[in-house]
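Residue numbers (our numbering), protein chains in the order written: chain A, 323 to 697; chain B, 323 to 697.
I have placed the structure first, in the form of structure tokens, so that the comments after it can refer back to it.
There are 2 protein chains.
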Amino acid sequence: MATQKTGGLAGVSAGETGISTVGKEGKGLTYRGYDIHDLAKHASFEEIAYLMLYEKLPNQKELNDYKKLLHGQRELPAALRLVLEQIPAKAHPMDVLRTGCSFLGNIEPEASAHDVNSARVVTNRLLATFPGMLTYWYHFSRDGKRINTQSDEEDIASHFLYLLHGKKADKLHHDTMNVSLILYTEHEFNASTFAARVTTGTLSDIYSAMTAGIGTLRGPLHGGANEAAMAVIEKYSTPDAAEKGLHDMFAQKQLVMGFGHRVYSISDPRSDVIKQWAKKVCDAAGDKVMYPVAERIEKIMWDEKHLFPNLDFYSALSYHFSGVPTDMFTPIFVFARTAGWAAHIIEQRNHNKLIRPSADYTGPEPRAFVAIEKR
Amino acid sequence: MATQKTGGLAGVSAGETGISTVGKEGKGLTYRGYDIHDLAKHASFEEIAYLMLYEKLPNQKELNDYKKLLHGQRELPAALRLVLEQIPAKAHPMDVLRTGCSFLGNIEPEASAHDVNSARVVTNRLLATFPGMLTYWYHFSRDGKRINTQSDEEDIASHFLYLLHGKKADKLHHDTMNVSLILYTEHEFNASTFAARVTTGTLSDIYSAMTAGIGTLRGPLHGGANEAAMAVIEKYSTPDAAEKGLHDMFAQKQLVMGFGHRVYSISDPRSDVIKQWAKKVCDAAGDKVMYPVAERIEKIMWDEKHLFPNLDFYSALSYHFSGVPTDMFTPIFVFARTAGWAAHIIEQRNHNKLIRPSADYTGPEPRAFVAIEKR
Numbered sequence: 323m324a325t326q327k328t329g330g331l332a333g334v335s336a337g338e339t340g341i342s343t344v345g346k347e348g349k350g351l352t353y354r355g356y357d358i359h360d361l362a363k364h365a366s367f368e369e370i371a372y373l374m375l376y377e378k379l380p381n382q383k384e385l386n387d388y389k390k391l392l393h394g395q396r397e398l399p400a401a402l403r404l405v406l407e408q409i410p411a412k413a414h415p416m417d418v419l420r421t422g423c424s425f426l427g428n429i430e431p432e433a434s435a436h437d438v439n440s441a442r443v444v445t446n447r448l449l450a451t452f453p454g455m456l457t458y459w460y461h462f463s464r465d466g467k468r469i470n471t472q473s474d475e476e477d478i479a480s481h482f483l484y485l486l487h488g489k490k491a492d493k494l495h496h497d498t499m500n501v502s503l504i505l506y507t508e509h510e511f512n513a514s515t516f517a518a519r520v521t522t523g524t525l526s527d528i529y530s531a532m533t534a535g536i537g538t539l540r541g542p543l544h545g546g547a548n549e550a551a552m553a554v555i556e557k558y559s560t561p562d563a564a565e566k567g568l569h570d571m572f573a574q575k576q577l578v579m580g581f582g583h584r585v586y587s588i589s590d591p592r593s594d595v596i597k598q599w600a601k602k603v604c605d606a607a608g609d610k611v612m613y614p615v616a617e618r619i620e621k622i623m624w625d626e627k628h629l630f631p632n633l634d635f636y637s638a639l640s641y642h643f644s645g646v647p648t649d650m651f652t653p654i655f656v657f658a659r660t661a662g663w664a665a666h667i668i669e670q671r672n673h674n675k676l677i678r679p680s681a682d683y684t685g686p687e688p689r690a691f692v693a694i695e696k697r
Numbered sequence: 323m324a325t326q327k328t329g330g331l332a333g334v335s336a337g338e339t340g341i342s343t344v345g346k347e348g349k350g351l352t353y354r355g356y357d358i359h360d361l362a363k364h365a366s367f368e369e370i371a372y373l374m375l376y377e378k379l380p381n382q383k384e385l386n387d388y389k390k391l392l393h394g395q396r397e398l399p400a401a402l403r404l405v406l407e408q409i410p411a412k413a414h415p416m417d418v419l420r421t422g423c424s425f426l427g428n429i430e431p432e433a434s435a436h437d438v439n440s441a442r443v444v445t446n447r448l449l450a451t452f453p454g455m456l457t458y459w460y461h462f463s464r465d466g467k468r469i470n471t472q473s474d475e476e477d478i479a480s481h482f483l484y485l486l487h488g489k490k491a492d493k494l495h496h497d498t499m500n501v502s503l504i505l506y507t508e509h510e511f512n513a514s515t516f517a518a519r520v521t522t523g524t525l526s527d528i529y530s531a532m533t534a535g536i537g538t539l540r541g542p543l544h545g546g547a548n549e550a551a552m553a554v555i556e557k558y559s560t561p562d563a564a565e566k567g568l569h570d571m572f573a574q575k576q577l578v579m580g581f582g583h584r585v586y587s588i589s590d591p592r593s594d595v596i597k598q599w600a601k602k603v604c605d606a607a608g609d610k611v612m613y614p615v616a617e618r619i620e621k622i623m624w625d626e627k628h629l630f631p632n633l634d635f636y637s638a639l640s641y642h643f644s645g646v647p648t649d650m651f652t653p654i655f656v657f658a659r660t661a662g663w664a665a666h667i668i669e670q671r672n673h674n675k676l677i678r679p680s681a682d683y684t685g686p687e688p689r690a691f692v693a694i695e696k697r
């Protein structure tokens, strides 16, 4: 049946999308036609989520209404809190979000798997509650503290940092988080989005698709890369030590996470943006070690492997110095990508066809069954 | 970037597999070389699960040990029971399994995402507990009854029917369930398996991949088809009424579920097998309505649409007359496919490459950002 042999579907089109593109030269990024640089410079994450869900940038009134809507949906249902309380502190935070999302699907099921509005309703609820799910579990599992997830903070970036730290976020940390959420929102047929589309292709519900997205993002070859990048940066106390360490990693054929990209070949346009913000956050924290270490790693990777940092690499530094624990880095990616997943789920439904590829068979030839007493 | 335009990746190879094949003519089905007819006739589902996980049919001692292993793992952890108790009776049973699976990943995480043995450990635990998760929730949410999920029944088919009905299953119902589990175990790069492979491709954990599989199977274009098939069969009280009803559905361009298949073009070899068992179960129940209705539907679909019944169609009847509520049909598919998913997760890991296709961009051309006050 198979007509083409491929590895990981690289360069194979799995369908059409109107949501984002890296452009004809494959080196930029636009969301519904808007350049990522403009969006990161001028917009709030909520405008981007709105752009994903409603296919246009909101005007001021629409944005105010949208923020109010999200603000009003931050509280977690009692049953969900009880579920989160059963999860131990040593659990992987991505497992917590995957489970929280899946559970919510039982008590607040999607009204219809065919209606664009029901997808928006669920998505907005998830956007509003994910920071609360993560931090409720975090504080309860560590300190037995049941936090109130209904903060008065204006947006998702400030809301998350407030719930995490129990106090208002520093403006620079807020602004950096906001930019980071914008950059992480959407990236065409990346693995987690593609998984969400495969799930949607059977006409399943949006919670199933989101859950598939979270589980796929969790892996170190995808969202998990920002945590893996931090682990490498943290290992070294000087740029020279990093250089030596990297050579050791090369010799052992270890992958260095946070570099290269399936779709980009020369650079990741998002990296330049987040690097500037990471620099500011590092400077404000008085860091004299990690940023220089990171820059040296960047240089070595380029000089010796011709690999460039992707969004994950400097994001890691910006989160670290905003006081975010490393194992929450990928969950932040979820907060943002939820909006992108939703846009793809809606798009897949609008032109649905079951996603079911073929395979090249490499297994045993037909063979006779052997009765159990003769094995 | 895209080099080929496709719809739903139909006929496009997404990689290699040695687990199952429909054969060169695309009309059979073998699991690791063994014909599905032989397996359904001579084997138990546990032998097939073993074949999936350990790549060979077990001898008698291996099978005994394997059954004992599964038998010893049926009990649900207290935290999981508490989670299941939070799920209302009206929830979708697939959401219950998706959530139960995801939650278990928090409290019994996979030891390593790189080790074939850790994948087997988790898979066996899921095979052993899925029937218990489903029925514990079912009885608790309806009657407030906390059942003991550690039955003494010998295999998964009898264990499930025992937990569901609170008594030993009729031999015919047990045997039919066993055959059904065998037939549902594995089918190459079907949508749920492909989703599990996409998730695995980022080197995520097996619970994430299984959760993606369940969420994808849930849709009516995939596993949900057996429930949808039942809904159609149940509607009619005579074959003539069914014939008329089908013509109405055709006129309204409604899909009739349980017919046709992405990979088969003339018939589904599994359908002939399950149809014989469904006939026996219907006869034993004294049915004079549903089986004749189903056969008429089969005839009309072939005569007028040239579509053949797939595995889902007669499976529905066999479950119905075994006393299984309709919304548990797709969960039974999960009990079986878990073994197939596991084989693919292990295979994907053994030759891993990130699954990340391209897309054809059809969205807006690059456009200037508009400041919010000018929108």
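The beta-carbon is built from N, C-alpha and C at its ideal position, and this holds for glycine as well.
- Residues of the stretch 570-585 of chain B that bring their beta carbon within less than 8 Å of a beta carbon in chain A comprise Arg584, Val585, in sequence order.
- For serine 680 of chain A, the three-state secondary structure derived from DSSP is strand.
- In this structure, the CA atom of aspartate 417 of chain B is about 16 Å from the CA atom of valine 418 of chain A.
- Taken through DSSP and simplified to helix, strand or coil, serine 640 of chain B comes out as helix.
- Spatial neighbours of lysine 557 of chain A in its own chain (CB-CB distance under 7 Å, excluding positions within 5 residues in sequence) are listed in chain order as Gly567.
- Within chain A, the C-beta atoms nearer than 9 Å to that of aspartate 360 of chain B come from Ala690, Phe691, in chain order.
- The beta carbon of asparagine 632 of chain B lies closer than 8 Å to those of Ala547, Gly580, Phe581, Gly582, His583, Tyr586, Asp590, Arg592, Ser593 in the same chain, with the five residues before and after it left out.
- When the alpha-carbon of proline 647 of chain A is set against those of A/Cys423, A/Gly337, A/His414, A/Gln670, the nearest one is in A/His414.
- Contact between aspartate 682 of chain B and glutamate 338 of chain A holds, with the beta-carbon distance rounding to 5 Å and staying under 8 Å.
- Interface annotation, histidine 414 of chain A: in contact with chain B, CB-CB separation under 8 Å.
- Residue-level contact check: glycine 337 of chain A touches chain B, since one or more beta carbons of chain B fall below 8 Å from its beta carbon.
- Where glycine 337 of chain A is concerned, the enclosing beta strand (DSSP E) starts and stops at 335-339.
- Residues of the same chain with a CB within less than 6 Å of the CB of valine 501 of chain A, apart from the 5 flanking positions on each side, are Ala362, Trp599 in chain order.
- Nearest to lysine 621 of chain B by C-alpha distance, out of B/Glu565, B/Gly340, B/Gly645, B/Leu676, is B/Glu565.
- Within the stretch 379-392 of chain B, those residues whose Cβ lies closer than 9 Å to any Cβ of chain A are, in chain order, Leu379, Pro380, Asn381, Gln382, Glu384, Leu385.
- Contacts with chain A at 8 Å (Cβ-Cβ) include lysine 675 of chain B.
- In the three-state reduction of the DSSP assignment, serine 424 of chain B falls in the helix class.
- The CB of valine 646 of chain B never comes closer than 8 Å to any CB in chain A; the least such distance is about 21 Å.
- Contacts with chain A at 8 Å (Cβ-Cβ) do not include isoleucine 596 of chain B.
- DSSP places phenylalanine 581 of chain B within a strand segment (E or B) once states are collapsed to three.
- Leaving aside the five residues that flank threonine 507 of chain A on each side, the residues in its chain whose CB is nearer than 8 Å to its CB run, in chain order, Tyr353, Phe367, Ile370, Ala371, Met374, Ala658, Arg659, Ala661, Gly662.
- Shown here for isoleucine 677 of chain B: same chain residues with a beta carbon closer than 6 Å to its own, the five before and five after excluded, namely Val520, Gly523 in chain order.
- By the neighbour-count criterion, in which a residue is buried when 16 or more other Cβ atoms sit within 10 angstroms of its Cβ, glutamate 549 of chain B is buried.
- At a cut-off of 8 Å, the C-beta of asparagine 446 of chain B has no neighbouring C-beta in chain A.
- The stretch 336-404 of chain A contains, as complete alpha helix (DSSP H) runs of 4+ residues, the segments 358-364, 367-376, 382-393 (chain order).
- Excluding five sequence positions before and after methionine 552 of chain B, the CB atoms of its chain that fall closer than 7 Å to its own CB belong to Ala638, His642, Thr648, Phe651, given in chain order.
- Comparing alpha carbon positions, the residue from B/Leu351, B/Ala491, B/Arg447 closest to serine 644 of chain B is B/Ala491.
- Residues of the same chain with a CB within less than 7 Å of the CB of leucine 398 of chain B, apart from the 5 flanking positions on each side, are Thr451, Gly454, Met455, Tyr458, Thr471 in chain order.
- Counting only residues of its own chain and dropping the five nearest sequence neighbours on each side, lysine 467 of chain B has a CB closer than 6 Å to the CB of His461.
- When C-alpha distances from serine 463 of chain B are compared across B/Met623, B/Ser473, B/Lys412, the shortest belongs to B/Lys412.
- In the DSSP assignment, arginine 689 of chain A is bridged to B/Tyr356.
- Residue pairing by DSSP puts proline 631 of chain B in a beta bridge opposite B/Phe581.
- For the C-beta of valine 438 of chain B, not a single chain A residue is nearer than 7 Å; the gap to the nearest is close to 17 Å.
- A straight line joining the alpha-carbon of glutamate 476 of chain A with that of lysine 493 of chain A spans about 12 Å.
- With 16 or more neighbouring CB atoms inside 10 Å of its own CB, glutamine 408 of chain B falls in the buried class.
- Shown here for asparagine 446 of chain B: same chain residues with a beta carbon closer than 7 Å to its own, the five before and five after excluded, namely Leu391, Leu392, Gln395 in chain order.
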